[in-house]
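Visitor: Below you will find the structure I want to go over with you.
Chains as they are written, first to last, in my numbering: chain A, 9 to 337; chain B, 9 to 337.
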């Protein structure tokens with residue numbers, strides 16, 4: 009860290025199961041450049057780490073950042089992490105185990121590295137730069153393929169002992185309900201994730217109740233994406249709209265339960281589904297939560313759609329490493 | 009605070025709907041004296057505040073504490089509080105509104121006063137002196153007439169904006185279930201509080217399925233106390249035991265949901281029901297939570313019955329005011 013405190017640049021990195029993104033930021037967290045690659049995790053850890061380093065190097069080069077001005081790298085990742093060690097413990101979506109991500113990047117780029125859960129990083133991004141700027145307590149809920157959650161409490165991510173927590177997707181909202189990917193039944197993900205909604209839509213399409221959806225995507229759950237669902241609603245599939253609104257209300261019940269515990273002042277909703285249908289989700293989730301949570305705790309809560317979209321994780325991760333390096337005080 | 013830092017004494021005060029208790033502590037939080045009175049809130053605020061001050065004075069006198077050695081007073085109270093101002097906002101169980109408890113006590117005793125939620129204080133007591141000593145993150149759950157919750161995260165009580173939170177009793181565990189005192193349906197309190205259990209037991213007694221309970225307490229919900237329920241089980245009422253075990257499993261589901269969010273390392277169970285049946289509650293709640301929470305989050309959790317009993321709130325409240333006064337750091 010030879011650079012002056014005030015002019016350091018930062019890298020935010022978003023490592024996903026299918027794609028990765030490296031974004032270079034200036035000292036005020038303005039985006040200078042952004043590089044994407046496919047993850048190609050099936051080619052193995054070594055090749056994958058090479059791609060990660062390559063993507064970061066390209067982002068630095070395209071932004072014209074000299075290595076000595078690189079203050080640090082923040083990485084957001086969706087799988088189980090040892091947060092203290094910066095190790096990917098066991099990532100089923102990559103097929104990787106025990107990968108010392110932080111150590112590898114620190115050696116390669118000779119700078120501090122922070123490895124964080126991607127939803128934690130994304131919610132921290134919204135807290136620092138987006139829809140929940142400087143809130144006392146932010147609850148972030150991101151329905152997508154699964155449903156991620158995070159809580160920033162008085163400026164700090166709520167965490168377990170070296171692992172991420174706030175697993176709102178596995179809150180049981182329908183006791184004895186449908187089977188969840190985690191092996192239990194009735195988790196929020198079984199009723200309000202993109203996959204759960206897609207399965208209900210596929211059923212409706214099969215029954216002939218969602219003609220536009222059927223035309224757009226057929227009845228294969230894997231083909232029914234957030235965008236398809238939104239398009240089918242716009243085209244007039246009332247049943248699809250009912251399914252999504254019901255899912256958003258279930259989300260509202262889980263949010264109500266979490267609000268009763270955590271008393272956030274802002275609830276940020278993000279992720280693929282919300283990006284496609286922000287008004288529907290924010291309205292329906294908010295109304296359900298207001299009905300189901302305690303008045304004194306829910307009344308002060310502001311509901312908002314995430315503002316940073318795909319950049320939330322890289323911005324949050326960059327801000328986390330900058331904070332660790334004392335940029336902010 | 010004329011006294012030397014190291015030899016200050018503290019008062020912990022537990023203000024309940026029916027009774028109050030003042031306990032005097034030495035500088036090491038050893039109990040020196042303890043005074044109880046009935047609250048008699050119906051006689052009005054002024055008379056009630058007089059009783060509070062009298063009880064504190066008696067505890068000080070009986071412990072032989074000179075006023076100048078009193079470091080501070082910590083108060084735990086069950087109703088809605090403005091924590092920053094130390095004001096009882098609106099207490100249905102007392103019929104009191106807008107009572108500036110902290111201000112009154114500060115003037116009367118000329119020392120710092122902290123006003124806290126009683127379950128927050130009790131859980132803090134268990135964290136400092138009891139079943140969860142020095143844990144990174146403690147979840148306290150206290151099933152009684154209602155069900156209180158609290159979380160001590162890295163030594164600090166998780167709070168809302170000047171109000172208490174962690175309202176696990178109002179987590180919805182049976183969507184569309186029975187009516188709760190809060191006006192909503194299916195809250196944890198409707199299936200696992202002492203009142204909910206008593207109502208089920210009263211039904212069983214009415215049907216002739218709980219002969220011992222019927223003999224001990226009749227079928228009046230208000231007469232069926234935690235002790236009666238425990239006695240009926242000991243006497244052989246299998247149906248009563250089933251009811252209580254089922255309630256403890258429901259409690260376990262709520263605890264599982266909270267563990268998924270907060271990743272505590274210790275869950276402390278306390279309150280009247282648990283005091284009467286600690287093994288049953290800890291075992292059944294733990295087993296249910298282990299089935300229903302995410303493995304990586306629930307595996308490290310230690311379950312324990314509260315150790316401080318009736319003293320938890322006064323000990324925690326005293327420790328809170330001592331901490332505020334810098335005794336500990």
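All C-beta atoms in this analysis are idealised placements derived from N, C-alpha and C, irrespective of residue type, glycine included. This one's a predicted model, so the numbers in the text were calculated from it and none came from an experiment.
1) Could you tell me whether the Cβ of residue 10 of chain A comes closer than 8 Å to any Cβ of chain B?
2) Please say whether residue 78 of chain B and residue 19 of chain B have beta carbons closer to each other than 8 Å?
3) Does residue 254 of chain B get closer than 8 Å to chain A when you measure Cβ to Cβ?
4) Do three or more CB pairs link the stretch 236 to 251 of chain B to the stretch 262 to 276 of chain B at distances below 8 Å?
5) Answer with buried or exposed for residue 126 of chain B, where buried requires no fewer than 16 other C-beta atoms within 10 angstroms of its C-beta.
6) Label residue 134 of chain B either buried or exposed according to how many other C-beta atoms from any shown protein chain fall within 10 Å of its C-beta, with 16 as the threshold for buried.
7) Below 8 Å, can you find three or more Cβ-Cβ pairs linking the stretch 21 to 37 of chain A to the stretch 47 to 67 of chain A?
8) Mapping the DSSP letters down to three states, classify residue 219 of chain A as helix, strand or coil.
9) Measuring straight from C-alpha to C-alpha, what distance separates residue 11 of chain B and residue 73 of chain B?
10) Please report how far the alpha carbon of residue 312 of chain A lies from the alpha carbon of residue 161 of chain A, in whole angstroms.
11) Is there a C-beta anywhere in chain A that falls below 8 Å from the one on residue 337 of chain B?
12) Using CA atoms only, rank isn't needed, just tell me which of A/303, A/119, A/45 is closest to residue 329 of chain A.
13) Starting from residue 61 of chain B, follow the alpha helix (DSSP H) in both directions and report where the run begins and ends.
14) Name the residue from B/283, B/151, B/223 whose alpha carbon lies nearest to the alpha carbon of residue 257 of chain B.
15) Along the stretch 258 to 277 of chain B, where does the CB come closer than 8 Å to a CB of chain A? Name the residues.
16) Quick one: grab the DSSP three-state call for residue 315 of chain B.
17) For residue 179 of chain B, would you say it is in contact with chain A, using Cβ-to-Cβ distances shorter than 8 Å as the test?
18) Would you mind working out which of A/145, A/232, A/132, A/76 sits nearest residue 324 of chain A, comparing C-alpha positions?
19) Taking 8 Å as the CB-CB cut-off, is residue 279 of chain A touching chain B?
20) Let's test the definition: count the other Cβ atoms within 10 Å of the Cβ of residue 294 of chain A and tell me whether it reaches 16, buried, or not, exposed.
21) Who are the near neighbours of residue 9 of chain A in its chain, counting only those whose CB is closer than 6 Å to its CB and skipping five residues on each side?
22) Tell me which residues share the same chain as residue 327 of chain A and place their Cβ nearer than 6 Å to its Cβ, disregarding the 5 neighbours each side in the sequence.
23) Going by C-alpha distance, which of B/240, B/221, B/38, B/28 is nearest residue 85 of chain B?
24) So for residue 323 of chain B, helix, strand or coil by DSSP?
25) Alpha carbon to alpha carbon, how far is residue 95 of chain A from residue 122 of chain A?
26) Is residue 306 of chain A close to chain B, meaning its C-beta is less than 8 Å from at least one C-beta of that chain?
27) Have a look at the DSSP bridge pairing and note the partners of residue 22 of chain B.
28) Can you say whether residue 334 of chain A is buried or exposed, counting buried as having 16 or more other CB atoms within 10 angstroms of its CB?
29) Indicate whether residue 47 of chain B and residue 82 of chain B have their beta-carbon atoms separated by less than 8 Å.
30) Could I get the ranges of all uninterrupted alpha helix (DSSP H) runs contained in the stretch 145 to 208 of chain A, with 4 residues as the minimum, in chain order?
31) Ignore the nearest five residues each way along the sequence and tell me which others in residue 98 of chain B's own chain have a CB closer than 6 Å to its CB.
32) Should residue 175 of chain A and residue 302 of chain B be called a contact, given that it needs their Cβ atoms to be closer than 8 Å?
33) Find the residues of chain A that neighbour residue 192 of chain B, judging by a C-beta separation of less than 7 Å, and give them in chain order.
34) Near residue 298 of chain B, what residues of its chain come up, given a Cβ to Cβ distance below 6 Å and the 5 sequence neighbours on each side ignored?
35) Where does residue 36 of chain A land, buried or exposed, given buried means 16+ other C-beta within 10 angstroms?
36) How many Å lie between residue 128 of chain B and residue 316 of chain B at the Cα?
Guide: Here's the rundown:
1) On the first chain, position 2 is the one that residue 10 of chain A refers to. Unreliable positioning characterises residue 10 of chain A in this predicted model, as indicated by a pLDDT of 42, which lies under 50. The coordinate reading is nonetheless provided below. With 8 Å as the cut-off, residue 10 of chain A does not count as an interface residue toward chain B.
2) Mapped onto the second chain, residue 19 of chain B falls at position 11. Mapped onto the second chain, residue 78 of chain B falls at position 70. Yes, they are a contact pair.
3) Along the second chain, read from residue 1 onward, the residue named residue 254 of chain B stands at position 246. No, residue 254 of chain B lies away from the interface with chain A (no Cβ there is under 8 Å from its Cβ).
4) no
5) Indexing the second chain from 1 puts residue 126 of chain B at position 118. The residue in question, residue 126 of chain B, is buried, as its Cβ has 16 or more Cβ neighbours within 10 Å.
6) Working through the second chain from its first residue, we reach residue 134 of chain B at position 126. Flag for residue 134 of chain B reads buried.
7) yes
8) Position 211 of the first chain, counted from the start, is the residue given in the question as residue 219 of chain A. Reduced to three states, the DSSP call for residue 219 of chain A is helix.
9) As a first step, residue 11 of chain B is located in the second chain; it is residue number 3 there, counting from the start. As a first step, residue 73 of chain B is located in the second chain; it is residue number 65 there, counting from the start. At residue 11 of chain B the pLDDT is 44, less than 50, meaning the model places this residue with poor confidence and gives no usable figure here.
10) Your numbering for residue 312 of chain A matches position 304 in the first chain. Your numbering for residue 161 of chain A matches position 153 in the first chain. So the alpha carbons of these two residues sit roughly 17 Å apart.
11) Counting from 1 along the second chain, the entry for residue 337 of chain B is found at position 329. Any reading at residue 337 of chain B needs caution, since the residue's pLDDT is 40, under 50, leaving its predicted position unreliable; the model's value is listed next. No, residue 337 of chain B lies away from the interface with chain A (no Cβ there is under 8 Å from its Cβ).
12) Taking the first chain and counting its residues from 1, one reaches residue 329 of chain A at position 321. Considering only alpha carbons, the answer is A/119.
13) As a working mapping, residue 61 of chain B is identified with position 53 in the second chain. Where residue 61 of chain B is concerned, the enclosing alpha helix (DSSP H) stretches over 53 to 71.
14) Along the second chain, one-based indexing puts residue 257 of chain B at 249. Per the Cα distances, B/151.
15) 261, 264, 265, 266, 268, 269, 270, 271, 273
16) Numbered from 1 along the second chain, position 307 holds the residue referred to as residue 315 of chain B. Residue state, collapsed to three classes: coil.
17) What you label residue 179 of chain B is simply residue 171 of the second chain in a count that begins at 1. Yes - at least one Cβ of chain A is within 8 Å of the one on residue 179 of chain B.
18) Residue 324 of chain A sits at position 316 when you count from the first residue of the first chain. For residue 324 of chain A, the nearest C-alpha among the options comes from A/132.
19) By one-based count along the first chain, residue 279 of chain A stands at place 271. By this cut-off, residue 279 of chain A is not an interface position.
20) By 1-based counting over the first chain, the position of residue 294 of chain A is 286. Counting Cβ neighbours within 10 Å, residue 294 of chain A comes out buried, since at least 16 surround it.
21) In the first chain, residue 9 of chain A corresponds to position 1, counting from 1. Because the pLDDT at residue 9 of chain A is just 42, under 50, the model does not fix this residue reliably, and the value given afterwards should be weighed accordingly. The answer is none, since no qualifying residue turns up.
22) In the first chain, residue 327 of chain A corresponds to position 319, counting from 1. Around residue 327 of chain A: 136.
23) Against the second chain, residue 85 of chain B aligns to sequence position 77. The residue with the shortest Cα to Cα distance from residue 85 of chain B is B/28.
24) For this step, residue 323 of chain B is matched to residue 315 along the second chain. Residue 323 of chain B: helix per DSSP, three-state reduction.
25) As a position in the first chain, residue 95 of chain A is number 87, starting the count at 1. As a position in the first chain, residue 122 of chain A is number 114, starting the count at 1. If I take the Cα positions, the gap works out to 10 Å.
26) Position 298 of the first chain holds residue 306 of chain A. So no, residue 306 of chain A is outside the interface.
27) In the second chain, counting from the first residue as 1, residue 22 of chain B sits at position 14. According to DSSP, residue 22 of chain B bridges with B/29, B/84.
28) Start at 1 with the first residue of the first chain, and residue 334 of chain A comes out as number 326. It counts as exposed.
29) In the second chain, residue 47 of chain B corresponds to position 39, counting from 1. In the second chain, residue 82 of chain B corresponds to position 74, counting from 1. Against a cut-off of 8 Å, the Cβ pair of residue 82 of chain B and residue 47 of chain B comes out as no contact.
30) 197 to 200
31) Counting from one through the second chain, the residue named residue 98 of chain B turns up at place 90. Here the set comprises 88, 105.
32) The residue given as residue 175 of chain A occupies position 167 in the first chain. The residue given as residue 302 of chain B occupies position 294 in the second chain. Against a cut-off of 8 Å, the Cβ pair of residue 302 of chain B and residue 175 of chain A comes out as a contact.
33) As a working mapping, residue 192 of chain B is identified with position 184 in the second chain. Those are 300, listed as they occur along chain A.
34) Numbered from its first residue, the second chain carries residue 298 of chain B at position 290. Cβ neighbours of residue 298 of chain B beyond the five flanking positions: 306.
35) Here the question's residue 36 of chain A lines up with position 28 in the first chain. Per the 10 Å Cβ criterion, exposed.
36) Within the second chain, residue 128 of chain B is the residue found at index 120, counting from 1. Within the second chain, residue 316 of chain B is the residue found at index 308, counting from 1. Whole-angstrom Cα-Cα distance: 14 Å.
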